[in-house]
Amino acid sequence: MYSVYILLPYMLFINLMILWALQPPKSRIRRYATKSMDPRLKRFSRTSSSALGMESFANAPPSSSSSFKEPLLPSPPPAPSSKEERRGSWSVADFRRNSTGISLGTHTESGLNVSFKDLRYRVNAPKNEGSDDDGFLTILDGAEGRAESGEMVALMGASGAGKSTLLDILAGRKTLRKGRATLTGTLLFNGRPRARKLMRKSAYVTQDNVHLASLTVRQTLGFAAALRMENSNKDKREERVLMVAKMLGIDKILDSRVGGTLIRGISGGQLKRLSVAVEIIHLPSLIFLDEPTTGLDSSIAHEVMSAVRNLANFNRTVICTIHQPPPATFALFDKLLLLARGRTCYFGPVSACTGYFESFGYNYDESAAGANPAEFAVAVAGAFLEPKKAPHELCELYSDSEGRNEFSTSFEATASSDRDLSVSTGASTTYPSSLLEQCLTLGRRQVLKTMQDKRPLNAGIVRHIVVALFYGSIYNNLKEDQKLERMSLCFFTLMFVVMGHQQNIPIVFEERLLFYRERGAKIYGNFSYWLTGGVSVVPLTIVMVAIFASAMYKMTGFRSEWDAFLFFFFIACITSLNGLFYCQLLSVLSPSQQAAIALYPATLFFFISFTGYIIQIPALPTWLSGVPDVSFLRWGFQSLVINEFQGNTMVFPEGNNGMTTDQQYEAFVTAYGFEGYTRWNGVQWLIVNAAVFRGLTFLGLRYVRYENR
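For the sequence shown, the working numbering gives the first residue as 134, with consecutive numbering after it.
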C-alpha cells in the first residue's frame with residue numbers, strides 16, 4: 134500500500150516535468166529575422182501569396198548596375214514590346230548587368246563544359262512494368278545536350294520523361310548495380326570522361342532541404358566550409374561564408390536558427406537558398422539542382438532561381454530540373470533541354486522554344502492571360518496539345534532539325550576544344566580535408582547540435598532525476614535481508630538506462646539523411662562518420678548516468694563503500710553505451726524510422742530475457758544454455774549483483790545458518806548461474822559486445838544503403 138501512495142504522485146510529477154521540458158523556448162528568431170530583413174522581403178515573412186509577393190517586386194525601387202546592392206531581387210524590366218523580348222531574352226542579360234554588386238574575389242576560374250550524346254539508361258524491371266523482351270526498361274533512350282560555362286540549362290519534360298534520371302547520371306549520383314542497370318553513351322566534362330578529382334568541383338543540390346535544425350545559418354555554412362574547402366584556415370572560411378551568404382541573399386539571417394518541425398526557423402525560400410549555399414560553399418565550377426522550387430510559391434521560387442542565376446553569371450555551369458516555372462523564372466535560363474520518353478525533343482535557347490514548336494503547327498498565344506512558355510513546352514512534349522504528336526514523332530522532328538544537325542556535327546569539335554580548358558582539381562587526396570579534420574569537424578558539429586537543442590536535453594535530465602528519486606523512494610533504505618529487492622533494483626537500473634535510448638532513433642535518422650547527402654558529395658567517408666558517432670555520444674551518456682546514479686544510490690541503502698558506488702556507476706555507463714550502440718545499429722539497418730522504433734524494444738526483449746533475473750540461467754533448457762553469453766544486459770546485471778553482494782557482511786553475516794559470508798555468497802550467486810565470475814569479467818564482455826555493435830554498424834554504413842537514386 135505504501136508503494137501505491139508513492140507511485141501515483143511520482144508518476145504525475147514525471148509527466149508534468151517532462152511536459153515542461155518539452156516546451157519550446159521563447160525565441161527571438163522570428164522577430165530578429167523580420168527586423169533585420171530587407172524591407173522588400175518583409176512582406177514574404179507574413180504571407181506566401183504569390184500575388185502579394187509579385188506586388189512587392191513591382192513596388193521595389195529601380196536599381197542600376199552602379200548602385201545595385203541586392204542582385205537577388207532586381208526591379209523587373211519594362212514590359213516587353215517585341216515578340217522576342219516576350220519570349221524572355223531580356224531577363225538573363227538583365228541579371229548579368231545587375232550582378233556587379235557581388236564579386237567572387239580571386240575565384241574567377243571557368244565552369245565545366247558538359248557534353249553528352251546518345252545516353253541510354255536501362256534498368257531491370259518485370260514485364261508488367263513495360264520492360265523489353267530481355268527484361269529491361271528503357272529510361273533514357275539517346276538523350277543529348279550541352280551546358281557551357283556561364284549558362285543555366287533547364288531540364289524539363291512531362292512526368293516520367295527521365296529528367297531526374299538524366300540529372301543523376303550527369304552528376305554521378307545514379308545507383309548503377311551490375312546486372313540491374315546499364316548505362317551507355319558519351320558523357321564528357323571539358324572534353325574528358327568523368328574523373329573523381331574533377332567531379333570534386335561539382336555540387337548537387339537535392340530536392341529536399343536536409344539540415345540540422347538547432348544550428349544557426351552561420352554555423353551550418355561554417356561546418357560546410359570546414360568539410361568542403363581544401364587547405365583553408367578559420368579566417369578564409371569565415372570570409373567565404375560571408376561572401377556566399379551575401380551572394381545568395383541570406384547574410385541578414387546568419388544568426389537565425391535553421392529550424393525544423395519542432396524548432397521555429399527561417400522561411401522556405403531562405404531554407405532552399407541555404408541548401409544551395411551549403412553545396413556551393415567551395416565555389417564549384419558545375420552545379421546541379423533537382424527541382425529547387427518544389428513546395429515554393431511563384432514569388433519565392435523566382436527569388437531562389439534569381440540567386441542561382443547569379444551563380445551562373447560568375448562563370449558557373451548550372452544544370453537544373455524544374456517543373457513548369459512561371460514565365461519570369463523560366464526566362465532566367467539560357468537553354469532548354471526538353472525530354473520526351475527519355476529522348477531529346479528540343480535543345481536550344483529558351484527564347485526560341487515556342488517558335489520552334491509553332492513551326493510544326495502548334496499555336497502559342499503569348500498575349501493570352503496566363504500564357505506560360507514553360508507549360509506550353511511541357512504540354513507539347515506530353516502530347517497534351519493539338520496537333521497531338523507522339524513523343525517519338527517530336528523526337529524524330531528534332532533529329533531532323535537544323536539545330537540538332539549543328540549539335541551533332543560540332544560535338545567532336547567542341548569536345549576537342551574543351552580539352553584545352555583547365556579547372557583546378559585541388560589536391561590529390563580522396564577528400565577535401567584529412568581524416569583528423571573530418572572527425573574534429575563532425576564532432577564539434579554533433580556537440581553543438583546537442584547543446585543547442587534544449588528540449589531533448591532538458592527532457593533527458595528531468596527524466597533521469599525524477600526516475601532516480603522514484604527508485605530511491607520505492608527502494609528506500611533496503612534492509613539487510615532484502616536480497617531480491619537489491620537484485621531487482623540492479624535489474625531496473627539497467628532497464629532504465631538502456632530503454633531510454635529509444636528516443637534517440639528520430640535523431641539518428643535525421644543525421645542519417647544528412648550523412649547520405651554529404652557522403653554522396655564525397656566530402657567525407659564512412660569511417661569518419663562512424664568514428665565520430667561512437668565517440669561523441671560518450672560524454673552526454675556519462676553525464677546522464679551520473680545524474681541518475683548520484684541521485685538514487687545513497688537513498689537505496691546500497692553498499693556505502695566508494696569503490697562499490699564507482700563500479701556501479703561505471704557498469705551503468707558501459708551498459709547504457711551498449712544500448713545506445715545497439716540503437717545506432719538498428720537505425721543503420723532499418724529502412725525507416727518507424728521500423729527502428731518498433732524493432733528496438735522488440736529485439737531488446739531478447740537481451741532482457743537472458744539476464745538471469747526473469748529466469749535463472751541454470752533453469753534454462755540445455756539447448757539455450759549458451760544464449761545468455763550474447764546478452765550484454767546479462768553481463769551488466771551480473772557485474773552489479775557481484776558488486777553488491779560479494780563480501781557484503783551486512784547481507785551475509787558471518788555464522789548465519791552455520792555458513793561463512795563467502796559460503797552464503799557462493800550459494801546465492803550459484804542459483805543464478807553467476808558462480809566463478811568476478812565483477813570485472815562482465816566488463817570484458819560488455820566491451821566485446823560494444824565492439825561487435827560498433828563493427829556491425831560500420832558494415833551497415835558501408836554496405837546497407839536505403840538511398841537509391
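Built from N, CA and C at the ideal position, the CB exists for glycine as well.
Would LEU472 and GLY295 be called neighbours here (beta carbons separated by less than 8 Å)?
Yes, they are a contact pair.
Backbone CA spacing between ASP533 and GLY494 [nearest angstrom]:
A direct Cα-to-Cα measurement between ASP533 and GLY494 gives close to 16 Å.
What runs of the alpha helix (DSSP H), each 4 residues or longer, lie entirely inside the region 297-356?
Runs of the alpha helix (DSSP H) inside the region 297-356: 329-332.
Taking TYR531 as the reference, give the member of GLU519, ALA514, GLU545, PHE544 with the closest Cα.
The residue with the shortest Cα to Cα distance from TYR531 is ALA514.
Where does LEU395 land, buried or exposed, given buried means 16+ other C-beta within 10 angstroms?
Exposed.
For ILE638 and TYR733, which I take to be in contact (beta-carbon distance under 8 Å), what is that distance rounded to the nearest angstrom?
That belief holds up - the Cβ atoms of ILE638 and TYR733 are roughly 7 Å apart, short of 8 Å.
Contact between the region 808-816 and the region 653-673 is defined here as three or more beta-carbon pairs at a separation below 8 Å; is this criterion met?
Note that the region 808-816 does not touch the region 653-673; fewer than 3 beta-carbon pairs, one per stretch, sit closer than 8 Å.
Is the beta carbon of PRO506 closer than 8 Å to that of PHE463?
The criterion of a C-beta distance shorter than 8 Å is satisfied by PHE463 and PRO506.
Looking at C-beta atoms only, is the number of pairs between the region 311-330 and the region 358-367 that lie closer than 8 Å three or more?
No: the two stretches stay apart, fewer than three of their Cβ pairs being nearer than 8 Å.
Going by the beta-carbon positions, is the gap between LEU354 and VAL374 smaller than 8 Å?
Yes, these two residues count as a Cβ contact at 8 Å.
Thinking C-beta only, is ALA516 closer than 8 Å to ALA510?
No, these two residues do not count as a Cβ contact at 8 Å.
What residue range does the alpha helix (DSSP H) around LEU627 cover?
Element bounds for LEU627: 616-632.
Just tell me which of VAL409, PHE480, SER431 has its CA closest to the CA of ALA445.
Of VAL409, PHE480, SER431, the residue nearest in Cα terms is VAL409.
Kindly list the residues whose CB is nearer than 8 Å to the CB of THR339, restricted to its own chain and excluding five residues on each side of it in sequence; keep chain order.
Cβ neighbours of THR339 beyond the five flanking positions: SER408, ASP423, ARG650.
In terms of residues, what are the limits of the alpha helix (DSSP H) holding TYR715?
Its alpha helix (DSSP H) spans residues 695-722.
Output yes or no for whether 8 Å exceeds the beta carbon distance between LEU834 and VAL671.
Not in contact: LEU834 and VAL671 (Cβ atoms no closer than 8 Å).
Just to confirm the assignment, what range does the beta strand (DSSP E) spanning LEU753 have?
Per DSSP, LEU753 belongs to no beta strand (DSSP E) and is neither H nor E.
ARG361: which of LEU829, PRO565, HIS435, TYR254 sits nearest, CA to CA?
Ranking LEU829, PRO565, HIS435, TYR254 by Cα distance to ARG361 puts PRO565 first.
Reduced DSSP category for GLU651 - H, G, I as helix; E, B as strand; rest coil:
Three-state DSSP puts GLU651 in a helix.
Closest to TRP768 by CA distance: which of ALA601, ARG442, ILE433, GLY806 is it?
Measuring C-alpha to C-alpha distances from TRP768 to each of ALA601, ARG442, ILE433, GLY806 identifies GLY806 as the nearest.
Apart from the five residues just before and just after GLN585, which ones in its own chain have a Cβ nearer than 6 Å to its Cβ?
Excluding residues up to 5 positions away in sequence, SER347 lie with their Cβ nearer than 6 Å to the Cβ of GLN585 in the same chain.
Bridge partner(s) assigned by DSSP for ALA276:
Under DSSP, ALA276 takes part in a beta bridge, and its partners are LEU252.
According to DSSP, is LEU470 part of a helix, a strand, or is it coil?
If DSSP states are grouped into helix, strand and coil, LEU470 belongs with the strands.
Sorted by chain position, which residues of the same chain lie with C-beta nearer than 6 Å to VAL760's C-beta, five sequence neighbours on each side aside?
Cβ neighbours of VAL760 within its own chain (closer than 6 Å, five residues either side excluded): PHE743.
Is DSSP giving ARG692 helix, strand or coil here?
If DSSP states are grouped into helix, strand and coil, ARG692 belongs with coil.
From the DSSP secondary-structure annotation, give me the bridge partner or partners of ASP795.
BP columns for ASP795 are empty, so no partner.
Does DSSP put GLY536 in a helix, a strand or coil?
Assignment of GLY536 by DSSP, reduced to helix, strand and coil, places it in the helix class.
CA nearest to the CA of GLU372, picked from ARG645, MET620, GLU570, ARG351
Out of ARG645, MET620, GLU570, ARG351, the CA that lies nearest to the CA of GLU372 is found in ARG351.
Give the secondary structure of PHE447 by DSSP, where H, G and I count as helix, E and B as strand, and everything else as coil.
Coil at PHE447, not helix or strand.
Going by DSSP, what residue range makes up the alpha helix (DSSP H) through VAL411?
Counting along the chain, the alpha helix (DSSP H) containing VAL411 begins and ends at 401-412.
Tell me, please, whether the region 596-610 touches the region 746-759 by the rule of three or more beta-carbon pairs shorter than 8 Å.
Contact fails: fewer than three Cβ-Cβ distances are below 8 Å.
When we look at the beta-carbon of ASN342 and count the other beta-carbons within 10 Å, is it buried (16 or more) or exposed?
Counting Cβ neighbours within 10 Å, ASN342 comes out buried, since at least 16 surround it.
Beta carbon of ASN323, beta carbon of LEU416: below 8 Å?
No, these two residues do not count as a Cβ contact at 8 Å.
Any heavy atom of the ligand SAM closer than 7 Å to the beta-carbon of PHE826?
Questions concerning the ligand SAM fall outside what the structure shown contains, since it holds no ligand whatsoever.
THR462: first and last residue of the uninterrupted alpha helix (DSSP H) it sits in
Start and end: 460-463.
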